[in-house]
Amino acid sequence: MTSTVPASLTRTAEGAALQAVLLDMDGTLVDTEGFWWDVEKEVFADLGHGLEEPWRDVVVGGPMTRSAGYLIDVTGADITLDELTVLLNDRFEKRIRHGVPLMPGAERLLAELSASRIPTALV
Numbered sequence: 024m025t026s027t028v029p030a031s032l033t034r035t036a037e038g039a040a041l042q043a044v045l046l047d048m049d050g051t052l053v054d055t056e057g058f059w060w061d062v063e064k065e066v067f068a069d070l071g072h073g074l075e076e077p078w079r080d081v082v083v084g085g086p087m088t089r090s091a092g093y094l095i096d097v098t099g100a101d102i103t104l105d106e107l108t109v110l111l112n113d114r115f116e117k118r119i120r121h122g123v124p125l126m127p128g129a130e131r132l133l134a135e136l137s138a139s140r141i142p143t144a145l146v
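Dropping the structure here:
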């Protein structure tokens, strides 16, 4: 995202213009990975368990089922994966209601893609 090449000039190896751009949100467009860890710490504190910093590397950026399942296993929390998923998602939603910080270059990338009429989608 820090490239200085306008999106309209970007070409594939065959020389054709971009047809579309698929984007991930967390950690690519917006900086929410730290928010997730904070929410996980808060929810587990409410459940009577502390989270250790080394566990962050295991759970940040991973799918919810893997991350939440891992934290249940290492803490021994008495909660189902489905229950924990609801708690984490509810708390995260409240946390981001007031906005999230964009990653460096994200706004420019989206503006250039839009100006070049290149379709984008979140995956």
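Numbering (this note's numbering), first residue to last: 24 to 146. A virtual CB, placed ideally from N, CA and C, is assigned to each residue, including glycine.
Using a 10 Å radius around the Cβ and a threshold of 16 neighbouring Cβ atoms, would you call isoleucine 119 buried or exposed? exposed
Under the three-state reduction of DSSP, which class applies to leucine 104: helix, strand or coil? helix
Can you list, in chain order, the residues of its chain with a C-beta nearer than 8 angstroms to that of valine 123? Leave out the 5 residues immediately preceding and following it. Apart from sequence neighbours up to five positions away, the residues of its chain that approach valine 123 with a beta-carbon distance below 8 angstroms are Val53, Asp54, Thr55 and Phe58, ordered along the chain.
Consult DSSP for aspartate 54 and reduce its assignment to one of helix, strand or coil. coil
Could you tell me if serine 13 is buried or exposed, where buried requires 16 or more neighbouring beta carbons within 10 angstroms of its beta carbon? Given a span of 24 to 146 for the chain in the structure shown, any question on residue 13 remains unanswerable.
Short Cβ contact (8 angstroms threshold) for leucine 107 with isoleucine 95: yes
Leaving aside the five residues before and after histidine 72 along the sequence, list all residues of the same chain whose C-beta is less than 7 angstroms from its C-beta, in chain order. Thr98 and Ala100
Determine the contact status of valine 146 and leucine 74, defining contact as a CB-CB distance below 8 angstroms. no
Is it buried or exposed, valine 62, if we count other Cβ atoms within 10 angstroms and call 16 or more buried? buried
Taking the alpha helix (DSSP H) that leucine 133 belongs to, which residues open and close that run? 129–138
Is it buried or exposed for valine 109, if we count other Cβ within 10 angstroms and need 16 for buried? exposed
Which same chain residues end up closer than 6 angstroms to glutamine 42 when comparing Cβ atoms and leaving out the 5 residues on each side of it in sequence? none
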